[in-house]
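The working numbering puts the first residue of the sequence shown at 1, with every later residue one more than the last. Virtual Cβ for every residue (Gly too), placed ideally from N, Cα, C. Since this is a predicted model, take the numbers as computed values, not measurements.
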Amino acid sequence: MQPAPSLRSRASGVLLHPSSLPGPAGIGDLGAPAFRFAESLARAKQTWWQMLPVGPTGFGNSPYSALSSFAGNPLLVSLERLVEEGWLNGADTAAPAAWPVDRVPFAEVEVFKVERLRRAFATFERGASASDKAAFEAFRRSTSWLADWSLYRSLKDSFNGAEWVSWEPGARSRDPKVLEAARTKLAPEIRYHDFVQYCFARQWTALHARCRELGVGLIGDVPFYVPHDSAEVWAQQDQFDLGRRGRPMRVAGVPPDDFAKDGQLWGFPLYDWRAMRAREYAWWLSRFRTTLDRFDAVRIDHFIGFHRAWAVPARLKNALKGRWIMGPGGDVFERLQSASGSLELIAEDLGVVTPEVEALRDSFDLPGIRVLQFGFGWDPAQTHLPHKYPKRSLAATGTHDNDTSRGWYEAIDHPGTKDWIHRYLRTDGTDIAWVMIQAVLQSPADTAIVPVQDLLDLGSEARMNRPGVATGNWGWRMAPGALTAERLDRLGELTAESGRVPKAAPAGPGPG
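Structure, rendered in structure tokens:
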């Protein structure tokens, strides 16, 4: 197995969330298509596979609003792998033929997968080998966050999916006697949720090991905020800015600007930094360590929050009357660095970045992010154009929140902007996605990332997320066979020409 790659090496990679992989169960997962994709990356001389957060999603299906910062998403568990384990019948794995192959029908997939995960659990309980059962029990004992997650998930189901502040008072406030009674009453359900996380962990470990063999590192994502209705807020209520009944006192947002006259009200609860400091930021350190155990590097979404946050009284309907409150600055990273050594972290510093945020980022030598699409828009300093990229940065054609490069270009209706793009990129607009890929790969940035939609030259129909739009997001899927040998080899040649090939990059066996 090769050592993990480093963000300090000149390299490149591809952004693709596992749910967007092709596969038979209506959603991409950690099974064979994920292994083939990793092999495709190796063939194309790529060093990184970047993903979105992999936690269990709730309302809206957003990976950035997960029900847990620690647990894995059950929908990413491969049913085919459970067949190989002997815990599921092969006939159970194929989704209905009427389901689309280019979008995830989330509601239907959840019903379909949960039914089969429960069948696998029943089979496991009846007839798993002694070694499998011993491994499961060892996982239950050694996984520190598991008990809180499985109890939260079981209680939530018992209260018909209601958010935890609506549970009966003893469960809501975590009365020890009520929780002990719940653990007894819900023991089979708790064990089922433990089993699902065990399956996720086994499959993740196997995929990560294969990626290491191929010389491909995994980049994960830690959102700064967590949803109020999540296992961690319920289990660690004293670490958040909550009232007596568990509801947020203030919520996070963004102050008014040219794009939103009332500001933006995100609704996430704020942290009680004084309480967190008293515990030496143990929750944050555990969160980072868990994510860094799964991934080789981690992107911190909304890094700005460690400097300051826009706090809005929870009773208000917009963000006009908020105020800035200070974050912990470098305290968390100092402790993480002291415990772990080097920090393989990426600071997502998009938006309005103050000198204080830049100083915080640079004091730990964290790479920031540059997005080529932004270079032709609102950026008066042109920091998002390749000639301004610092070496210690991650450059991308776009992110999960952007349109695809082709879709973005085709939507531009201002002739002056298109003329600027043509002159800067030396193009007439033909094959624009690959022109932008080349610009990012040939930039000075140490790390270059390309969304897979750009490799496939797809338009707006393949966009992953539209910020501010509540429905219809996160469901795009890559068509089977879309990553052809021709595309992979083209990317590999461009990667080599750009000096981004690791010294010992192995060749993958073929396209995904």
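Contacts around Thr427, its chain only, beta-carbon distance under 8 Å, and the 5 residues preceding and following it disregarded: Ile421 and Val435
In DSSP terms, what Ile325 is bridged to: Ala309
Complete alpha helix (DSSP H) runs within the region 109-142 (minimum length 4 residues, chain order): 130-142
Sub-7 Å separation of Asp229 and Arg140 beta-carbons: no
Through-space distance from Asn89 to Leu41, alpha-carbon basis: Cα to Cα, Leu41 sits roughly 31 Å from Asn89.
Length-filtered (4 minimum) alpha helix (DSSP H) runs lying within the region 160-190: 169-172 and 176-185
Reduced DSSP category for Thr495 - H, G, I as helix; E, B as strand; rest coil: Residue state, collapsed to three classes: helix.
Beta-carbon gap between Leu15 and Pro33 smaller than 7 Å: no
Candidates Thr184, Ala235 and Val312, of which the one nearest Pro256 by Cα: Val312
Residue of Pro24, Glu125, Phe159 and Gly55 minimising C-alpha distance to Arg103: Pro24
DSSP bridge partner residues for Phe240 (one or two, in chain order): Tyr271
Cutoff 6 Å; reference Ser6; Cβ partners in own chain excluding five residues on either side: none
Spatial neighbours of Ser154 in its chain, beta-carbon cut-off 7 Å, leaving aside the 5 residues before and after: Leu186, Glu189, Ile190 and His193
Among Asp296, Ile369 and Arg274, the one whose alpha carbon lies nearest that of His302: Ile369
Residue burial classification, Ser19 (beta-carbon count within 10 angstroms, cutoff 16): Residue burial is scored here from C-beta neighbours: Ser19 has at least 16 other C-beta atoms within 10 angstroms and is therefore classed as buried.
N-terminal and C-terminal residue of the alpha helix (DSSP H) that Gln453 is part of: Boundaries of the alpha helix (DSSP H) around Gln453: Val452 to Leu455.
Distance between beta carbons of Asp262 and Ala319, contact taken as under 8 Å: 6 Å
Separation of Val357 from Gln50, as counted between CA atoms: 24 Å
Length of the line joining the Cα atoms of Arg274 and Arg335: 16 Å
Exposure label - Pro269; buried when at least 16 CB within 10 Å: When all chains shown are included, Pro269 counts as buried.
Pick from Ile412, Thr447, Arg406 and Ser342 that is closest to Ser393, judged by C-alpha positions: Thr447
In DSSP terms, what Arg250 is bridged to: Pro313
Reduced DSSP category for Gly447 - H, G, I as helix; E, B as strand; rest coil: Rather than Gly, the amino acid found at residue 447 in this sequence is Thr. In the structure shown, Thr447 sits in a strand (DSSP, three-state: E or B).
Between the CA atoms of Gly215 and Ala496 - distance to the nearest angstrom: 15 Å
Beta-ladder partner(s) of Gln264, from DSSP: Val254
Residues that Trp48 bridges to, as DSSP identifies them: Gly13 and Gly217
Close Cβ partners of Gly60 (< 7 Å) along its chain, the five nearest in sequence each way excluded: Ala470
Extent of the continuous beta strand (DSSP E) to which Asp362 belongs: According to the DSSP assignment, Asp362 belongs to no beta strand (DSSP E) but to the alpha helix (DSSP H) extending over Pro355 to Ser363.
Beta carbon of Glu348 nearer than 7 Å to that of Ile300: Contact check for Glu348 against Ile300 passes: the beta carbons are separated by less than 7 Å.
For Gly368: DSSP bridge partner residues: In DSSP, Gly368 forms a bridge with Ser393.
Glu533 classed as buried or exposed, judged by whether at least 16 other C-beta atoms fall within 10 angstroms: Lying before the first or after the last residue shown, residue 533 is absent from the chain, which here runs from 1 to 512.
Own chain, CB closer than 8 Å to Ala507, minus 5 neighbours either side, in chain order: Note on Ala507: pLDDT 48, under 50, position unreliable in the model; the coordinate value appears next. Taken in chain order, the residues that qualify are Ala42 and Arg43.
For Asp301, three-class secondary structure by DSSP: strand
Backbone CA spacing between Gln237 and Leu458 [nearest angstrom]: Roughly 44 Å between the two C-alpha positions.
Range covered by the beta strand (DSSP E) that runs through Ile421: From DSSP, Ile421 is part of no beta strand (DSSP E) but of the alpha helix (DSSP H) over Pro415 to Leu425.
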